[in-house]
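Asks:
Residue numbers (UniProt numbering): 1 to 977.
Take a look at the structure:
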C-alpha cells in the first residue's frame, strides 16, 4: 500500500528506462490550479493511529511530532485525541479502550464505528515505524499551512493594492508573520477557557516550589535583583532607563555644517540633516537634552580651531605610534615587484631541494643588481659556511681563487625576511582609535613634545547639483579680480576669457587688461511674412505681425491680433519689456543682465560666496575654486596653494569652500597698504591639494610639481580644562556614527547595564542572547565586553598600551568569551520591523533567551507618526509584542528626561521616562539607574549605583545597590553570598 502520494508511473517491463521528468513550464494559473486537493496522505494517518493502538512506545514517539490539527481527516484527529486522553491518564490505549472512550464521548459514529478502528490496526505494517509515518503526516500538514499562508499573503497583497487602508510596512510584517507561524507551527485558537489555563499555571507554581523558590528565569547576574524578579521571564519587556551618564557632548554654540547651511548644537533637532565624515548628508536620529555641570575641556587643533567638549566626548584619532606604520593597503616596499617575485620563487625552490653552498656573485646573477648591496648585509648576518673556488677569465688566461660561500637556503630566507619589511616600518599598533576627550588630555603630547593625536580631514561634501544664476567659474573670476560694482574684471591672461566663454557667457576685451562679462545673447526671433503685404521681415517681438506702419492699420481687417508675449521667467505679461526684450520689467531688473544677477545674489558691492554656491555639488564647487585661484591664487613650487584677499568675509567663505572639498586649510593675516582700514589687512589661505585646482595653464604646471601631500590630518596640540558650560549630543544614522562639527569641518564621534545582563545570560550561563546596538559599533561592543570580563580598563584597550599582565587577563578570558552564544547587530537607524524579523530568525536558529535593544529612542517607528511621542509609543508596544512572540525577555535601554536634576535628591522616577508615558504602561519591569557621585563628587557612596525597581508587574519593588566600575564598563554584584 502507498504511504506517500508521490508515485511515479512504472514502465511496461523490467527493462524499461525510467520516464524522464518533463521540464517545468511557466504558465498562468488557471482555475484548476486552485481546485487541487491539499497535500495529504490518508494512508500515513491510518498507519500512525494503527501503530499507536498497537504500541505504547509508538504513542510516546508520535506525540512529540504531531498535534491534533495535523491530521487532514477530522475523524483521525478525534481518534488521536481519544488515544492521548487515555495515555495521559495512565490507562491502556487499545482497540477496546479507545472504542469505549469514543462511545462515552458520543464520537464513535463520527469516526465510522468500531469497525474503522479495526481497519486502522490492520492497515499498519509495523508499529515500529510509527514515528516515520508521523513525520510524513507532519510534512503534509506543514505544506497545507504553507498554502494557507500563501493564500493569506496573496489576499493581503491584493487588498493593499486595492486601497484597503493598511500601511505597506504593516502588510509586509503581517505577511512575514504568516510565514513565520508556519515554521514555528504556531497554529492555535485565538482564545482559551479559564479551566484550560488553570492547570498550566498550577504546574508552574509547583515547579517553582519544587526548586525551593530558586530563580527560574534568565539570570541578570545580580543576586538581589534575581531574588526580587525571580529572573527575567519569557514575554517580559524590561526597561532600563537612566540619564546619559556617559554622554558625548559638545557646547551648545558649536557650529554644525548642514547640506543647506549651518546650525548649532543647541538648535539641531531630530530629523535634521548634518554632514558625515565621509561627506554624505546624514540624518539626526536622536538628540539629548541640554546637560549641565559636566567637566569640560577646550580642544585646540593645529589649524587654530578650538572646540569645547565634555570629558566623555569621543573622537576618532590616530596616535603618533600608529602613524609610524602605514595602512596595510598603502605599504610600499623598497624593491620592484619583479624582483620580489623572483626572490619568492627562488626561496621556495631552495627549500624544496637539497641545500647548496653559493657565492654572493651567483646570487646577484640570479636576482639582478637591485639586491647587490643588501646581500652583503644579509651575508654578514648569516655567516660563511665555507669557501668555493671561483674561476674567471682575464687577459686571455683562466684564473681561480677561493671566495666565501654561504648556505643558499639561509641566504635566500634571510634576504626574503629583510626584503618584505616596508619602508618606514614601525611597531604594529591599532589605527584610528575612538578615544574620549579625557583620554586625549592624558596623552596629548609624546615624550619628545610633539603632538600625539591627529584627526583625519573629512572627505569632500557630496551634495546635489544646483541651478546657479551665474556659472561657478565665472563667479569665481569676478570675485577674485572683478569690479565690486560692475561687470568688469582685470586679468593679464586672455586664457581666462576663453574659459568664461566656455560657460556660455559673453566676454569683451575693453583694452589693456580690462574685460567685461555679459549674459549670453537671447536667440533672435525668426523672420516671418507680413500678414498684410506678405513681405518677409524680422519682427522685434513675437506678437508683431506686420512689416511697418503702412500695414499696421490694415492688419485688423486681415487677421486677429496675437496675444502679448509672456515673460519666460515668471510667466506674467511682458508688457513692460520694451522692443526686442523677452522678460518683464521686474524679472529684467533681477536677472536680465550680469550686473542684475550680481545684485540678486547680494554680492554686488559686497563680495562674498552665496550660500547656494557653498552648498552646490562638488563639480560646481571645484569650478568656483578654480575661478578664484586663477584670478587671485598662487601655486608654490612645493605644491602648496595660496589665496590672498583683503575682504574678510570673502576670505572666510573661501576657507569654507576649501574645507568642503576635503582639504585642510590654514589662515594667516598681514598688514598691507590699503585705502582704508578694512582693506589694510590681507588674509592668506594656504592648503595642499592632491588634485589639480587651477585651470590656468601657467599655474597648473607649477602645481603639478607637487610630489606628495602631507596635510591630510590636523593635530591636537592642546587640551585644557575650562569652566563647565551647557552641552548636548546628537546621534546620526551614518554607519560610522561620525558627523562634522565646528567651522573647520572636524569629524567627531557620536549603556552599560543592558550589556551586563547580556554578559550574565551568554557568558556566565551559556544562554543565547542578541544585542541590537543602534549607538555603538560591533567592535565597540566587543571591546566593552573584553574590558568587563578581563577587568582591563577600557581606555587601555582603546589606546593599545597593554601591559603583560593585561594580555594575560585577556588570554585567560578569551576562550570563554569566544564560546559564548552572544550575537551583535549594529545596523544603523534600524526600525522595529527589522528587529522583529532578525529576532524571529535568531529564535528559530539559535533559540535565543534574551534580546537587548540599545537604545529605544534611536529606533525608527514602524510608520509615520504625528509626533515623536506617538512613535515611541508604537515602538514600546512593538517590543512588548516581540517579547511575547519569540517567547523571551526583551530589555530596552531608554533615556530619562531632566526631571531628576530638578529634585534635591536627584533620584529618578517613572514620570521621568522620555517622550512617552506608554513605555511605563507596556513594560513589565522598569529599572531606573542612579549614581550619587554623578551629581556629588564628594559623596561617601562614590563607586556605588542604585537599581531602582520602579515597576514590577508580578511582584514588589525595591532598590538594589551595586558597584559601578565604569572604567571597566560594568556594574558588579554587591550581594553577600
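Here a beta-carbon is modelled for each residue, glycine too, at the ideal position from N, C-alpha and C. All figures in this text were calculated on a predicted structure; none of them were measured in a lab.
What is the rounded straight-line gap between the Cα of residue 624 and the Cα of residue 740?
Replies: Using only the alpha carbons, I get a separation of about 23 Å.
Asks: Which whole-angstrom value is the C-beta distance of residue 301 and residue 714, which I expect to be below 8 Å?
Replies: Indeed they touch by this definition, with Cβ atoms about 5 Å apart.
Asks: I believe residue 128 touches residue 101 by the beta-carbon criterion, under 8 Å. Please report the beta-carbon distance rounded to the nearest angstrom.
Replies: Actually they are not in contact, since the Cβ atoms of residue 128 and residue 101 sit about 25 Å apart, beyond 8 Å.
Asks: Please list, in chain order, all residues of the same chain as residue 50 whose beta carbon is under 6 Å from its beta carbon, the five residues on each side excluded.
Replies: Excluding sequence neighbours, residue 50 sits near 120, 121, 123, 124.
Asks: Could you check how far apart the C-beta atoms of residue 788 and residue 693 are, in whole angstroms? I think they sit under 8 Å.
Replies: Contact flag wrong, Cβ pair sits at about 50 Å.
Asks: Strictly by DSSP, which residues pair up with residue 508?
Replies: Note: residue 508 sits in a beta bridge opposite 516.
Asks: Measure the C-alpha to C-alpha separation of residue 398 and residue 355 and round it to an integer number of angstroms.
Replies: Taking the straight line from one Cα to the other gives about 28 Å.
Asks: So for residue 761, helix, strand or coil by DSSP?
Replies: Note: residue 761 maps to helix in three-state DSSP.
Asks: On the criterion of 16 or more Cβ atoms from any shown chain inside 10 Å, does residue 426 qualify as buried, or is it exposed?
Replies: Low per-residue confidence applies at residue 426: pLDDT is 37, beneath 50, and the placement is therefore not dependable, though the value from the model is reported in the following sentence. Exposed: under 16 other Cβ atoms inside 10 Å.
Asks: So what does DSSP say about residue 74, is it helix, strand or coil?
Replies: Helix at residue 74.
Asks: If we ignore side chains and look at the alpha-carbon of each, how far apart do residue 543 and residue 520 end up?
Replies: If you take the alpha carbons of residue 543 and residue 520, they lie about 23 Å apart.
Asks: Under the DSSP definition of a beta bridge, which residues are partnered with residue 694?
Replies: Partner(s): none; residue 694 has no beta bridge.
Asks: Tell me residue 96's beta-bridge partners as DSSP assigns them.
Replies: Residue 96 is not bridged to any residue.
Asks: What does DSSP give as the partner residue(s) for residue 231 in the beta ladder?
Replies: Bridge partners of residue 231: none, in fact.
Asks: Based on Cα-Cα distance, which residue from 70, 53, 536, 608 lies nearest to residue 40?
Replies: The candidate whose alpha carbon is nearest that of residue 40 is 70.
Asks: Would you mind stating whether residue 251 and residue 889 have Cβ atoms separated by less than 9 Å?
Replies: Result no, Cβ atoms of residue 251 and residue 889 do not sit closer than 9 Å.
Asks: Candidates 440, 376, 856, 54: which alpha carbon is nearest residue 891's?
Replies: When only C-alpha atoms are compared, the closest one is 856.
Asks: Please check the pair residue 273 and residue 258, which I expect to be a contact at CB under 8 Å, by giving their CB distance rounded to whole angstroms.
Replies: Their Cβ separation, rounded to whole angstroms, is 6 Å, which keeps residue 273 and residue 258 in contact under 8 Å.
Asks: Which value, in whole angstroms, describes the spacing of the CA atoms of residue 346 and residue 654?
Replies: Looking at the two C-alpha atoms, the distance is approximately 57 Å.
Asks: Determine the DSSP secondary structure at residue 69, reduced to helix, strand or coil.
Replies: Of the three classes helix, strand and coil, the one that applies to residue 69 here is helix, per DSSP.
Asks: Would you mind working out which of 462, 254, 136 sits nearest residue 62, comparing C-alpha positions?
Replies: Ranking the options by Cα distance to residue 62, first place goes to 136.
Asks: DSSP three-state call for residue 635: helix, strand or coil?
Replies: Correct three-state label for residue 635: strand.
Asks: Is it the case that the CB of residue 377 approaches a heavy atom of the ligand SAH more closely than 8 Å?
Replies: The ligand SAH is not among the ligands present in this structure, which contains no ligands whatsoever.
Asks: Are the CB atoms of residue 953 and residue 925 within a distance shorter than 9 Å?
Replies: Closer than 9 Å, so yes.
Asks: Residue 1044 and residue 587: beta carbons closer than 9 Å?
Replies: The question about residue 1044 has no answer, for the chain in this structure spans 1 to 977.
Asks: Around the Cβ of residue 313, are there at least 16 other Cβ atoms within 10 angstroms (buried) or fewer (exposed)?
Replies: The residue is buried, with at least 16 neighbouring Cβ atoms inside 10 Å.
Asks: Leaving aside the five residues before and after residue 922 along the sequence, list all residues of the same chain whose C-beta is less than 7 Å from its C-beta, in chain order.
Replies: Excluding residues within five positions, the ones whose Cβ falls inside 7 Å are 237, 876, 877, 880.
Asks: In this structure, how does DSSP classify residue 52 when only helix, strand and coil are distinguished?
Replies: Helix.
Asks: How about residue 61: is its C-beta nearer than 9 Å to some C-beta of chain B?
Replies: Among the chains of the structure shown, chain B does not appear; only one protein chain is present.
Asks: Spatial neighbours of residue 97 within its chain, please: CB distance less than 8 Å, with the 5 preceding and 5 following residues excluded, ordered by chain position.
Replies: So the list reads 86, 91, once near-sequence residues are dropped.
Asks: With residue 309 and residue 437 assumed to form a contact (beta carbons below 8 Å), what rounded beta-carbon distance in angstroms separates them?
Replies: That belief holds up - the Cβ atoms of residue 309 and residue 437 are roughly 5 Å apart, short of 8 Å.
Asks: Grab the span of the beta strand (DSSP E) containing residue 951 for me, first residue to last.
Replies: Start and end: 944–952.
Asks: In whole angstroms, what separates the C-alpha of residue 978 from that of residue 299?
Replies: Only positions 1 to 977 of the chain appear in the structure, and residue 978 is not among them; the question remains open.
Asks: Please report the straight-line C-alpha distance between residue 266 and residue 564, rounded to a whole angstrom.
Replies: Computed Cα separation, rounded: 53 Å.
Asks: Shortest alpha-carbon distance to residue 441 belongs to which of 375, 317, 389?
Replies: Ranking the options by Cα distance to residue 441, first place goes to 317.
Asks: Expressed to the nearest angstrom, what Euclidean distance is found between the alpha-carbon atoms of residue 38 and residue 845?
Replies: One C-alpha to the other measures close to 29 Å.
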